[in-house]
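For the sequence shown, numbering that gives the first Met the number 0 gives the first residue as 0, with consecutive numbering after it. Note that CB positions come from ideal geometry on N, CA and C, so glycine has one too. Fair warning: this is a prediction, and the values are worked out from it, not measured in the lab.
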Amino acid sequence: MRPSIVWVIVLKELREALRDRRTLMRLLVLPMLVYPLFAIGVSKFQKAETDEREARSSRVALWGSPPPGVAAALRARPQLEASDWTGAPDGLRAGWEQLELPAGGDVDSAEANAPSDHRNSVPVAWTEPDNPALAAARAALARREVDAIAAFWPAHERKVAAGERARVAIYFDPTRPESMLGRERVEWALRLERKRLQAEREGARGLPGGYSVPFEMVERTAAVEGRSGGRILGSMMPMLLILMSLLGGFMPAIDLTAGEKERGTMQTLMCAPLLPVEIILGKFVAVSCISLLTAVFNLLSVGLTMQRILPADLTVGLRVYVLSGLLLIPVNLLFSAMFLALAAFARDFKDGQNVLMPVYLPLTLLAGLASLPTIELDVATSLA
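What follows is the structure, encoded as structure tokens:
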């Protein structure tokens, strides 16, 4: 092998590639324009979504009998709309004082093992067994009557007044950003009130700081069964659906149009006694089938992978995958038609890549926009 000859060929190929204006457009101009514009647009969009959510008040329900000072402090907090017994059924409200505190979660040992600067200041993770309060909280959050629920367990006011330790459960739905924000706000307000009550109790009895804890805070995920796993898959599925359709239709659309021109088979096909609409429709159906098969196999792979890596309490039902598969059909038809129409103007296979790449790249970036954690897909954001 002669390195000098290899180097001559390298220079020749690079020179020919860089002479092509469309290649230069794809390599230099397109990334320099698309990525900055996309980054600026996404950051502004995300900031607007966050600012709008932060400006909105969180609706918090107070269940039970909180101390008057705590209830008044929660109602006085900015961006907190605290109300009594919102979303609680009449039966639960009438029999609240007869409820037994659910067993589960050693809160004392969890707080003891926490860092000293966080001890008694943050809610403890707690797996609460099924009980009427949890079922009612799950239903109220599913109906979106409230964003979070602060449940003051029976005899809470009496225990705090007697110097005992009470418990507050904060119910929230982790699949809703508004509920997560409501949990943070009510948690912060309760933490401040706990510090105030703790200082009053220790000052009155001459106890050292941190010796007494008026009440514990425990957090409980009250999402409807299957929604937590659906949230994980839902954050990925819009991007996956688009990427699967793009990858499956990109190369076949180029091959059946520009590729046939380059091989000389398109001219033979045009000379046959066929109507143009028949040729176009046949190629469109072929590209759509290839793209759909690629997307279906990718979806099956995603489903099997999710079943293995998701915890048992975050299962995703078969219905979700079936609906996702049905959504693949219109997405594939749209992108197959778009790619086929654009690739028909290309002179050869290389030119087809140059034509479709400016379309492929923005669509891929927009697909990633739907996976942002602050974006909640609804009719407006889906169409946008």
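Boundaries (first-last residue) of the beta strand (DSSP E) holding residue i
i	result
W62	57–63
T220	214–220
F151	147–151
Exposure of residue i, with buried meaning 16 or more beta-carbon neighbours within 10 Å
i	result
M243	buried
P35	exposed
G205	exposed
E218	buried
W187	exposed
R1	exposed
S323	buried
V7	exposed
Residue i - containing alpha helix (DSSP H), residue span
i	result
Y359	348–368
D83	Careful: D83 lies outside any alpha helix (DSSP H), inside the beta strand (DSSP E) at 79–83.
V167	That residue, V167, is in no alpha helix (DSSP H); its beta strand (DSSP E) goes 165–171.
M269	264–270
S290	275–308
P67	67–75
E99	E99 -> no alpha helix (DSSP H), and no H or E assigned at all.
V159	155–160
E201	176–204
P131	131–141
Contacts around residue i, its chain only, beta-carbon distance under 8 Å, and the 5 residues preceding and following it disregarded
i	result
K282	L255, T256, L339
N331	S244, G247, G248, S287, S290, L291, A294
L280	none
M269	I278
Sequence-distant residues of its chain with Cβ nearer than 6 Å to residue i (five each side left out)
i	result
A132	A150
D146	S57, R58, E177, S178, G181
E192	V69, A72
A136	I148, Y170, A221
Residues of its chain near residue i, where Cβ-Cβ distance is below 7 Å and the 5 sequence neighbours each way are ignored
i	result
A366	P237, M238, I241, L242
I4	none
P88	A135
F37	L364
Integer Cβ distance of residue i from residue j, believed to fall under 8 Å
i	j	result
F214	R166	6 Å
F348	G258	5 Å
A139	G94	Wrong, their Cβ atoms sit about 17 Å apart, outside the cutoff.
G351	I253	4 Å
Y210	E199	That belief does not hold up - the Cβ atoms of Y210 and E199 are roughly 13 Å apart, past 8 Å.
Q197	V212	7 Å
Heavy atom of the ligand SAM within 6 Å of residue i beta-carbon
i	result
A75	What this structure holds is no ligand at all, so the ligand SAM is not there to describe.
query = When the Cβ atoms of the segment 158–166 are set against those of the segment 39–49, are three or more pairs found closer than 8 Å?
reply = No, because fewer than three Cβ pairs between the segment 158–166 and the segment 39–49 fall closer than 8 Å, the two stretches do not touch.
ask   = Counting Cβ pairs closer than 8 Å, one from the segment 81–91 and one from the segment 169–179, do we hit at least three?
value = Taking 8 Å as the limit for Cβ pairs, the verdict is that the segment 169–179 does not touch the segment 81–91.
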